[in-house]
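**Student:** All letters in the sequence shown, in the order written, are residues 10 to 489 by the numbering used here. Before we start, here is the structure in question, set down as structure tokens.
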Amino acid sequence: MSLWAQEGNNPYGYLHKALQYSSQNLNGDAGAGLFPSVASAHGYGSFIDNPASMALLDKSSVNFSFYNNQVEHHNMYLGNALVADDSATQIGSIGFVYQMPVERGSMVIGAGYNQLIHQLGRTRIKGRNSENTITDSFKFRFSDHHNIAFNTYAIDWGDADGTYTESIFRIGFDRYPGITQEAEITYNTDIGEYSAFVGTEFKKGIFVGISFGHTVGTYSYSRNFYEIDTENDYNYNFIPSDSPGDSTDIDNIWLYDKMKAEVWGYNVRGGLIYQITPNINIGISYLAPYALKARESYSALIRTELDDGSTPFQDEKESDEDLIYKVKNPGQLKIGVTANNIGPFSVSVSGEYIDYSELKLITGLKFDNENDFIEDNYKEVFNIKTGVKVAFTDITKFKAGYAYLPGKSKKFAANRNVFFGGISSKLSSDIILEVSGQYSMWDDRSVAYDYENFSGDLFEQTISKQSNSLFIQTGVKFLF
């Protein structure tokens, strides 16, 4: 596959996938959700923020959660706006927490599965492109599509001597006439963690914890891209027709490519909580840098249909073998403070420091360009999360909060604002129902395709996006 540097927001590019593998946007446990847990515990999934917080839980439990994610993308392309939406329902978490009998203090162990990343991307575009064509990305020999594009007349020799190839829509013209484009591009990231953890009160008022995780997940991508000669600009006869002695020209070109990757790796996180007073805790935790290994396969198909309805030209390719590479994720440092039981209220605030310029791609192939791009164009971020819990009775508790997640790129803004809330209700003395939700919105951009000119300059055909996402989580906790 092409290894030259690409923007991190190109769903086909390695940089986009590296970011997807490192950008947590979900805590699959409905009890914890996005509520800050660096200095307090709110459910089984709180160990993701700080495994020391688990020592603050006072009951053993078995936990199960699932979630529904609804996303909507408003895409602007070549002056046209189209809306694309998608949804998915999946298991968020399955796990147990066990409070071990100890003479003093507390010790809590647990294990299970928790979803950490769920990203849905769906882009629909349509417009008249008078500047470039996706076939421009096929004509250089480094392109994954070069050979099948040549075999289907998407590209052809640009001169009589056959010294270089050119887009079929540029040959014979002093000025490129343009082409009508329609496309749907999708990607989906699902990554979770099988974990085991322990939290204990090391000394009175001092809690420590550690967790070990096995990260697993998938990434998938598909692109349906049509270029159609709606204006009949390419009305000349140069391609052999089904009729003997006749020739015709191109009506449309269809590209369909898809990619799938499996990722896995191991991580460790540790944390500390200090109980300043019976009502105020401060906490700190650290997820050590860790590597994820990815195994990736892909396929591509190009089909060219002709003006006179002759038999289309079609060719396809699949990767000869899976590509295996590694993504080294940066460490995550979290700090937080919680004020508990101030009347019926508890307030938590946390900050997360992550330096995305330290993200690295590693493989037997060379990723020097990509890693240089990451270092020059990605930045450190400090995510801020705030939450308030209200407990008017022992039966029902309410939670609400806000998170600000700065964009990772130095080149364009993609800051996210996330609003979240939830309710916890006792159905009986040992069964608790948890329902929570988070709504986020952000501006972004995406890449439909990229290409180089004969001087080696890189160009991108971009899509402006306004997106929003709604997670609804439901969980049940069985106490014992």
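No residue lacks a Cβ here, since even glycine has one placed at the ideal position from N, Cα and C. As the structure is a computational prediction, the values presented were derived from the model and not from experiment.
Given a threshold of 16 other Cβ atoms within 10 Å of its Cβ, counted over all protein chains shown, does TYR21 qualify as buried or as exposed?
**Tutor:** Classification for TYR21: buried.
**Student:** What does a CB cutoff of less than 7 Å around ILE180 pick up in its chain, not counting 5 residues either side in sequence?
**Tutor:** Here the set comprises ASP165 and GLY167.
**Student:** Secondary structure at ILE441, three-state DSSP: helix, strand or coil?
**Tutor:** In this structure, ILE441 counts as strand in the three-state DSSP scheme.
**Student:** Would you kindly work out how many angstroms separate the C-alpha atoms of THR195 and PHE421, rounded to a whole number?
**Tutor:** For THR195 and PHE421, the distance between alpha carbons rounds to 21 Å.
**Student:** Note down, one range per segment and in chain order, each alpha helix (DSSP H) of at least 4 residues found wholly within the segment 173-230.
**Tutor:** None, since the segment 173-230 contains no complete alpha helix (DSSP H) of that length.
**Student:** Determine the closest residue to GLU210 out of VAL111, SER357 and GLY40, with distance taken between C-alpha atoms.
**Tutor:** Of VAL111, SER357 and GLY40, the residue nearest in Cα terms is VAL111.
**Student:** Relative to the C-alpha of ASN89, which residue among PRO45, VAL80 and GLY136 is closest?
**Tutor:** Among PRO45, VAL80 and GLY136, the Cα nearest to that of ASN89 belongs to GLY136.
**Student:** ILE188: which of SER478, TRP263 and ALA64 sits nearest, CA to CA?
**Tutor:** For ILE188, the nearest C-alpha among the options comes from TRP263.
**Student:** Taking all protein chains shown into account, do 16 or more other C-beta atoms lie within 10 angstroms of the C-beta of ALA297, making it buried, or fewer, making it exposed?
**Tutor:** When all chains shown are included, ALA297 counts as exposed.
**Student:** Buried or exposed: which applies to TYR228, given that a residue is buried once 16 or more other Cβ atoms fall within 10 Å of its Cβ?
**Tutor:** Counting Cβ neighbours within 10 Å, TYR228 comes out buried, since at least 16 surround it.
**Student:** Between which two residues does the beta strand (DSSP E) containing LEU476 stretch?
**Tutor:** In the sequence on display, residue 476 carries Ser and not Leu. Looking at the DSSP string, the run of the beta strand (DSSP E) that includes SER476 is 467-488.
**Student:** Can you give the beta carbon distance from TYR448 to LEU479, rounded, assuming they're within the 8 Å contact cut?
**Tutor:** Between LEU479 and TYR448 the Cβ distance is about 5 Å, and since that is below 8 Å, they are a contact.
**Student:** Please work out which residues of its chain come closer than 7 Å, Cβ to Cβ, to ARG304, disregarding the five sequence neighbours upstream and downstream, and give them in chain order.
**Tutor:** Same-chain partners within the cutoff: ALA270, GLU271, ASP331 and ILE333.
**Student:** Looking at the strands, I want to know which residues DSSP matches up with GLN447.
**Tutor:** DSSP lists PHE429 and PHE480 as partners of GLN447.
**Student:** Can you list the beta strand (DSSP E) stretches of 3 or more residues lying completely in the segment 47-128, in chain order?
**Tutor:** Qualifying beta strand (DSSP E) stretches, in chain order: 70-86 and 89-109.
**Student:** Ignore the nearest five residues each way along the sequence and tell me which others in THR161's own chain have a CB closer than 6 Å to its CB.
**Tutor:** Correct list, in chain order: ILE311, THR313, PHE322 and ASP324.
**Student:** Taking the beta carbon of ILE285 as the centre, do at least 16 other beta carbons fall within 10 Å, making it buried, or is it exposed?
**Tutor:** So ILE285 ends up on the exposed side.
**Student:** Count the other C-beta atoms from every protein chain shown that fall within 10 angstroms of the C-beta of LYS375, then say buried if there are 16 or more, exposed otherwise.
**Tutor:** The residue is exposed, with fewer than 16 neighbouring Cβ atoms inside 10 Å.
**Student:** Count the other CB atoms within 10 Å of the CB of GLU389; is the residue buried (16 or more) or exposed (fewer)?
**Tutor:** Burial call: exposed.
**Student:** DSSP state of THR320, grouped into three classes?
**Tutor:** Coil, per DSSP.
**Student:** Leaving out five residues before and five after ASN349 in sequence, what residues of the same chain have Cβ atoms less than 6 Å from its Cβ?
**Tutor:** Result list for ASN349: ASN288 and SER355, in chain order.
**Student:** Within a Cβ cutoff of 6 Å, which residues of the same chain sit near PHE492, ignoring the five residues on either side of it in sequence?
**Tutor:** This structure leaves residue 492 out entirely; the chain is present only between 10 and 489.
**Student:** Nearest CA to the CA of GLY226: which residue from ASN378, TYR122 and GLY130?
**Tutor:** For GLY226, the nearest C-alpha among the options comes from TYR122.
**Student:** By alpha-carbon positions, which one of MET450, PHE75, LEU342 and SER434 ends up nearest to ALA423?
**Tutor:** Nearest of MET450, PHE75, LEU342 and SER434 to ALA423, Cα basis: MET450.
**Student:** If you run the structure through DSSP and keep just helix, strand and coil, what is PHE149?
**Tutor:** Residue state, collapsed to three classes: coil.
**Student:** Would DSSP call ASN261 helix, strand or coil?
**Tutor:** It is a strand residue.
**Student:** Hey, how far is the Cα of ILE257 from the Cα of GLN33?
**Tutor:** According to the sequence provided, residue 257 is Thr. The question's Ile does not apply to it. THR257 and GLN33: Cα-Cα distance of roughly 52 Å.
**Student:** The beta strand (DSSP E) with LYS343 in it runs from where to where?
**Tutor:** That run of the beta strand (DSSP E) goes 341-351.
**Student:** Within 7 Å: the Cβ of ASN84 and any heavy atom of the ligand HEM?
**Tutor:** Of ligands this structure carries none, so the ligand HEM is not represented either.
**Student:** Exposed or buried, what is SER433 when buried is set at 16 or more other beta-carbons lying within 10 Å of its beta-carbon?
**Tutor:** Buried.
**Student:** How would you call VAL427, buried or exposed, if buried means at least 16 neighbouring beta carbons within 10 angstroms?
**Tutor:** That one is buried.
**Student:** Could you pull out every residue in the same chain whose Cβ sits closer than 8 Å to the Cβ of ILE371, ignoring the five residues on either side in sequence?
**Tutor:** Within the same chain, ILE371 has close Cβ partners ALA300, TYR334, LYS335, VAL336 and LYS337.
**Student:** Using a Cβ distance threshold of 8 Å, determine whether the segment 58-72 contacts the segment 141-155, with at least three qualifying pairs required.
**Tutor:** As far as the Cβ criterion goes, the segment 58-72 does not touch the segment 141-155, which means the pair count is below three.
**Student:** Less than 8 Å between the beta carbons of PHE105 and VAL71, yes or no?
**Tutor:** For PHE105 and VAL71, yes; Cβs fall inside 8 Å.
**Student:** What does LEU370 pair with, by DSSP beta-bridge criteria?
**Tutor:** VAL336.
**Student:** Between ILE404 and the rest of its own chain, which residues show a CB-CB distance below 7 Å, the 5 nearest in sequence each way excluded?
**Tutor:** SER434 and LYS435.
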